[in-house]
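Structure first, then comments.
There are 4 protein chains.
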Amino acid sequence: MANKGVKIVTIGGGSSYTPELVEGFIKRYDELPIRELWLVDIEEGREKLEIVGAMAQRMVKAAGIDCTVHLTLDRREALKDADFVTTQFRVGLLQARIKDERIPLSHGMIGQETNGAGGMFKALRTVPVILSIVEDMKELCPNAWLINFTNPAGMITQAVLTHGNWKKVIGLCNVPIGATKMDAAALGVEEEDLRFQFAGLNHLHWHKIKDTKGNDRTMEVIDKLTDVSGVDSGIANLKMLRFLPEQIKDLGMIPCGYHRYYYMTDVMLADELEEYNTIGTRGEQVKKLEDSLFELYKDPNLDYKPEELSKRGGTHYSDAACEVINSIYNNKGTTMVVSTENNGTIDDLPYDCAVEVSATIDASGAHPVNWGKFPASARGLVQVMKAMEELIIEAGATGDYGKALQAFTMNPLVVSGDGAKALLNEMLVAHEAHLPQFADSIAKIKANQL
Amino acid sequence: MANKGVKIVTIGGGSSYTPELVEGFIKRYDELPIRELWLVDIEEGREKLEIVGAMAQRMVKAAGIDCTVHLTLDRREALKDADFVTTQFRVGLLQARIKDERIPLSHGMIGQETNGAGGMFKALRTVPVILSIVEDMKELCPNAWLINFTNPAGMITQAVLTHGNWKKVIGLCNVPIGATKMDAAALGVEEEDLRFQFAGLNHLHWHKIKDTKGNDRTMEVIDKLTDVSGVDSGIANLKMLRFLPEQIKDLGMIPCGYHRYYYMTDVMLADELEEYNTIGTRGEQVKKLEDSLFELYKDPNLDYKPEELSKRGGTHYSDAACEVINSIYNNKGTTMVVSTENNGTIDDLPYDCAVEVSATIDASGAHPVNWGKFPASARGLVQVMKAMEELIIEAGATGDYGKALQAFTMNPLVVSGDGAKALLNEMLVAHEAHLPQFADSIAKIKANQL
Amino acid sequence: MANKGVKIVTIGGGSSYTPELVEGFIKRYDELPIRELWLVDIEEGREKLEIVGAMAQRMVKAAGIDCTVHLTLDRREALKDADFVTTQFRVGLLQARIKDERIPLSHGMIGQETNGAGGMFKALRTVPVILSIVEDMKELCPNAWLINFTNPAGMITQAVLTHGNWKKVIGLCNVPIGATKMDAAALGVEEEDLRFQFAGLNHLHWHKIKDTKGNDRTMEVIDKLTDVSGVDSGIANLKMLRFLPEQIKDLGMIPCGYHRYYYMTDVMLADELEEYNTIGTRGEQVKKLEDSLFELYKDPNLDYKPEELSKRGGTHYSDAACEVINSIYNNKGTTMVVSTENNGTIDDLPYDCAVEVSATIDASGAHPVNWGKFPASARGLVQVMKAMEELIIEAGATGDYGKALQAFTMNPLVVSGDGAKALLNEMLVAHEAHLPQFADSIAKIKANQL
Amino acid sequence: MANKGVKIVTIGGGSSYTPELVEGFIKRYDELPIRELWLVDIEEGREKLEIVGAMAQRMVKAAGIDCTVHLTLDRREALKDADFVTTQFRVGLLQARIKDERIPLSHGMIGQETNGAGGMFKALRTVPVILSIVEDMKELCPNAWLINFTNPAGMITQAVLTHGNWKKVIGLCNVPIGATKMDAAALGVEEEDLRFQFAGLNHLHWHKIKDTKGNDRTMEVIDKLTDVSGVDSGIANLKMLRFLPEQIKDLGMIPCGYHRYYYMTDVMLADELEEYNTIGTRGEQVKKLEDSLFELYKDPNLDYKPEELSKRGGTHYSDAACEVINSIYNNKGTTMVVSTENNGTIDDLPYDCAVEVSATIDASGAHPVNWGKFPASARGLVQVMKAMEELIIEAGATGDYGKALQAFTMNPLVVSGDGAKALLNEMLVAHEAHLPQFADSIAKIKANQL
């Protein structure tokens, strides 16, 4: 690896995030000498790949580094002898996301990309694709690391571990990064002067904070996060203010932003329905953003990541991916929050599932800091969500309709019953093109036999 | 115990169920020679106690057995040297139940006696009372068995075990009894020719069925239970027909009737709202039934259990209690489904919680048949419900508002968020008279400080 | 099964125990109508098979039942369409047992059939044979039950479960039967008036006793078992007297007889060495007993089980096997102590290992009574023994020398180190004929390369 | 803490190790500004305290740092407002250690300071003392950290956690430090270029090694450690050469040096008996070393740690203690191997026991790297040893003779039975002066009643 330079393959290379990723690699070039970056996409993404790929090439050239950016639709050619494979693809593009949002909302239920019915469908579409990538990797680059930031990152990581039987995988999310920045600001100290310990699942983790004296500062952050009395609290994120203070104080841990879907379901649903009926769902908004981003990317003079990308959401994501790769390559032992195999880190969850926890990352992968047991107030939620995830992964890998229905029934963001089944069926049909494993069930649904 | 005859104390003796209990004891008198039956109630229940107590005395007299029925408002006098204590009291009487039903429904959420917000409040009111009974028992009858059929029976049994630190307790429910009768009818065989194994929580258990050849008949019953095509399926219980067949078949286990609240939430809520807006909730219907039952009981010539009691719901309950007592007293080794300490019977739940499982009952108590692990499709639900139960028991024992709010947030039948908190607050105030442990929180709510 | 009558296959049919087995079947004929009993043995056992087989045929004829006893060396012919397969074979016959005893004793270590180095070698020889039987059963009688009483019964049962992947297996031992008889005698009550609960491993279980009033009588039995002051204690078994009273009282449970190897190693070793140097080891004694038994069996007028068989040891074994078969066939629900899959019955041991526990036996197999956790004083021993068992089973199935060495190191009855390795090597060579899976290691040992 | 400077209290301050500790503090003074070092001892240790204390004062003076070294026999005065308490005392001094070694050896069993009968007795004497220290700390310095390096360090740490209910404790051992140095030398690389992960119990841990490329180098070290063919293996430690290569290779992990007691019991016993009969046991040798060390310490010109101390054994111990204190004080996040609460770090051991594992040490204490499950070849041993430890801790805290006997029975280094009891009794009597909790049992032993 060291002699020939590092070969990185990015699947879903036509993503609007790619410039952040490329910027991250350029920034770390001295430590992480990438010789080849392969951006891979599929036919439907060819145009975006060409636009963003050309820009990536300009960025690399402007940086003056010795790295070749390859654009290809041939995944197998790209994977050959790769050192790291990053995945940032979206099966069905933003059109699929918009369906994941709008169809549940039309049934009066949460419609979101990684939570509720939408999140479950994103997983159903993605699991077969990630498993086929893993099969290619076993053949073409059996020593490579897979760094996944395709959502829902926890379920995809678990699918790779359990159904793909591929252990060199790390899942990534930008949520913990944002949280630590916000917490440090709330306390008025530097991030590096705090010790954070996270545990839970992707988009469903909690964390605690200690300072340099070993004092627990968690409650102080909670007080600031739930203090709605003044604008000077130093916390800009309005949505964070909408937790119930009594609940978060009782938890004694800081929930992640996505917990609002589970802790404040009514408020979140009302917000989403408001947008659904007016400015469009988040996916629709992002679609417009993306279109204008790609217009920018077309500019043959643009050879740096434009400021506008930060509005896209998902900021820090690509940078985190670069840092994981850097930590592995240089055996740095950086502490990060990643999705990895549980192995007893969280005592309340199955031994072999994926969890999202604080871990040190070095050349041999992610080494989780032990967590132990959750209090009942977190335990029940994390357990029901993990069971739901297992059901969806199984359904995604096999096309088992019953398992998908169980997951819909169990997911707290779906009201169970006839409506849940009707929603499941409608979404299966709507996503038919990307759910070949459900072909039989979809045929029955269309024939009113399911 | 044997020499002096058995002394039984029934707390909540003024219940309309008492005649079934008395009938059960009379029926078993040859095996279970009860010399004293103490019916205990509180001042608010004096009138009912006197009516039903007099009837109990007539029943015993008509049976010609050597047993004295005592009526008293003095619980401590009654408990002295008791052999068995049965609990069937209802804190706040049916008026409280009606609030448990109507207030959630007025917020558009499930309103039910043992599930959802109503069930949680029933537990909050009952936990302190059962713990005070246990304290009396430690002093007055330290060798007695506590047979609890006060609902929610699982949470009350766990409170006795964990907060009361009293191990000689068995919790009872009539649901499994009804299920086995229905299953046998569905298969057209005698109940005693089937082997049932139940596991889960009170009002949230699943079971499997084997026949005399060791063949698994579970799927066959599931097919009949979910077969809606004809009226000749042999299953009279309409509500059972409303499960989603695909879900139950995928489970491979038979859920209990109350699972409909979790599996068919939309349908159940619609049904409840319909009744709420028309004929009144179940509690209101039962109230009328009870009033007419007590009219019947007043008849000085009535000395047997009237047929009308079976409409009351809860049939088999008292009979099951008699059978548990009989099995303990006579060391019978009967297999029953009871709430008892887990101790690893269900691998997915905490070691020291209460579970509802098949067990043999003999002189040394309940000995559960080992169950092992649930599939993910049941595991997540049973785990989230147990965590919710733990939170409610803790809140009931201590008056901790935060814990109650966590439970409301976690309960799948309450939509979390501002509405959940508003519902919690409204119910705390409505039940103020029976929630002394929450006095401080209630004062704050009234002052708009919580 | 019912129509054609039951077909039973006994592998190791030439055993001297066979008359007890046949007597057991005759005794239960009304309940358990066996039409065919196939006694199977191998070429080396042909003579014994013919002698004991002829006697079995005489017994059946004398009983006047409609059952044919077949004698064969063709295992596959016998297994075809069997309903129950019982295994009582001994790989290498008594000669192998004598080596298992004498070689360890020559190294100054415990030499015994089911414990220590001898027990481990018995397992190493037996595991491949039982696995080949299971492979035949999968093909020839896939619905049959395997009732194993070949020792070491626990390890063999586990090998069938984990390496054979055959779930319809029950392992049997006569030790618990003897214990309950002795306990009842010690208390002066009938066995059926006591409730025994056993848990642990084969030849390493503990039990507790309750009476018809639910009172724990365990300590009372312990007091009698450890009371060495008088001959009137009612306990004839001298060996039981040699426990240390303080240890057994502290345990609060009754150990099995074989615990003496672990609790009284010095005394047991001294006893064994005394016999080794004088009258011969147990195996040598049994050899003489067997020879005289077969002389008896040759008598063409003998058509009943002779009294002399009871001295053979292992009494009750065959009768227990008949009772298990009877309980399965007639769905009786009898409570017995059997080796079966743990599935959380004992919380301290792996989920999927074999344990020996109280269970009810019916048409669907063994249903263990939940046990929970052991106190530390039993937990450590049962855990180290289970790990040793796992290593031996793995070594037996694969011929892995390292695993066998680990097991020798871990077994408390082998002094670890150079001597343990020398003992292992000597025994591998001595048993070469029955350890084909270790051929490579044995060759290296002979060449002084291991 | 920062303002007034750090106050450190060392209990057992008269130990010959104290100069290393003082050197460690002097070396780190810039980072860890100790203002007060209190050396505490008891009346029996007064002379040694005065000698080594005077030398400590000379060392501090020579270093020119602003730190006062106090010598006292008044533990409570010293503990007042302490920031860190280190414990390095030896109940009964070296005379007790010599008994721990000689008495078992006189029975033909391993006699060693921290393993076998000797280690168990060291724990029995130490547990009551450490618990009384903890009681003083609760009153006098409730925010202090307890850094224990009194042996057996794992059991003492667990006693503090479970019986003392004091969570701010870290146990320390020098064995892992020596191991990592030796491994690095074997591989010919720098220690900091390797990643070590340790897990197990004090004096019973295993570890694995990765290099900067993430490659596992464990087997390579094992090969070198077990390669006895040449003197150029780079490993000087003869004792390490005496493992059985086949066993260690099969483990796939590197055992600690003390594993030889469990893996090579025969060889170790022979070595010990040889020394016992000739040059004296290790304790006797150390006694002479100590006497000459204290002669050195008396030299009023000696103001630095003499080279001779390194022969004492236990080198690195005090330095490790300084580094733990430094890491806590300065929130350094150093990775060290310490005894701390399990909390699921090792899945095979009780949740609340003490384990010895790799952990990062910072201002909030020790944060273990998750380990997961052991293979069976290590699992059984670590489980039986933990159960033995629990029994000894319980016996030490309560004086329960039965628990001590159970521990003797279970410990693999004691041959169970009559001899084990005789050994236990003889040692109880021999250590009577330091076992007040066993006064009743000792009186019975003397009266031949036990």
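Protein chains in written order, with our numbering: chain A, 33 to 482; chain B, 33 to 482; chain C, 33 to 482; chain D, 33 to 482. C-beta atoms are modelled at their ideal positions from N, C-alpha and C, and glycine is treated no differently. Values in this document were obtained by computation on a predicted structure and should not be read as measured data.
Rounded Cβ spacing between residue i and residue j (contact assumed at less than 8 Å)
i      : j      : result
Q415/B : G412/A : 6 Å
V192/A : V166/A : 6 Å
Residue i to residue j span [Cα, whole Å]
i      : j      : result
Y49/B  : Q229/C : 37 Å
I267/C : G312/C : Only weak support exists for where I267/C lies, its pLDDT of 35 falling under 50; the value from the coordinates is given anyway. One C-alpha to the other measures close to 26 Å.
D225/D : L81/A  : 41 Å
M214/C : V356/C : 21 Å
G45/B  : R274/B : 36 Å
K93/A  : Q120/A : 23 Å
P174/D : G186/D : 22 Å
K476/B : L460/B : 11 Å
F470/D : A217/C : 36 Å
D432/D : F116/D : 32 Å
F13/C  : L163/B : Residue numbering for chain C in the displayed model covers 33 to 482; residue 13/C lies beyond these limits and cannot be assessed.
K271/B : L301/B : With a pLDDT of 48 at K271/B, under the threshold of 50, the modelled position of this residue cannot be trusted; read the value that follows with caution. Approximately 13 Å between the Cα atoms of the pair.
L482/C : E327/C : 44 Å
K435/B : Q438/A : 29 Å
S324/C : S390/B : 50 Å
K242/B : T158/B : 37 Å
E79/A  : L233/D : 59 Å
Within 7 Å, strictly: CB atoms of residue i and residue j
i      : j      : result
A408/D : W238/D : no
I202/A : A395/A : no
L111/A : D168/A : yes
N183/A : T189/A : no
V41/D  : A114/D : yes
T244/D : N247/A : no
Cβ neighbour criterion (16 or more within 10 Å) applied to residue i
i      : result
S371/D : buried
R122/D : buried
T310/B : exposed
V263/D : Confidence in V263/D is poor, its pLDDT being 34 and thus under 50, which makes the residue's placement unreliable; the coordinate value appears in the next sentence. It counts as exposed.
Q127/C : exposed
D282/B : buried
K170/B : exposed
For this session: Taking 8 Å as the threshold, find out whether the region 52 to 67 of chain B comes into contact with the region 88 to 103 of chain B through three or more Cβ pairs.
Result: A contact between stretches requires three or more CB pairs, one per stretch, nearer than 8 Å, and the region 52 to 67 of chain B meets this requirement with the region 88 to 103 of chain B.
Exercise. Just checking, does the region 148 to 157 of chain C make contact with the region 125 to 135 of chain C on the three C-beta pairs under 8 Å criterion?
Worked result: Taking a cut-off of 8 Å for Cβ pairs, the region 148 to 157 of chain C and the region 125 to 135 of chain C touch, as three or more such pairs fall below it.
For this session: Inspect the CB distances between the region 246 to 261 of chain C and the region 282 to 290 of chain C and report whether three or more fall short of 8 Å.
Result: Yes, the region 246 to 261 of chain C is in contact with the region 282 to 290 of chain C.
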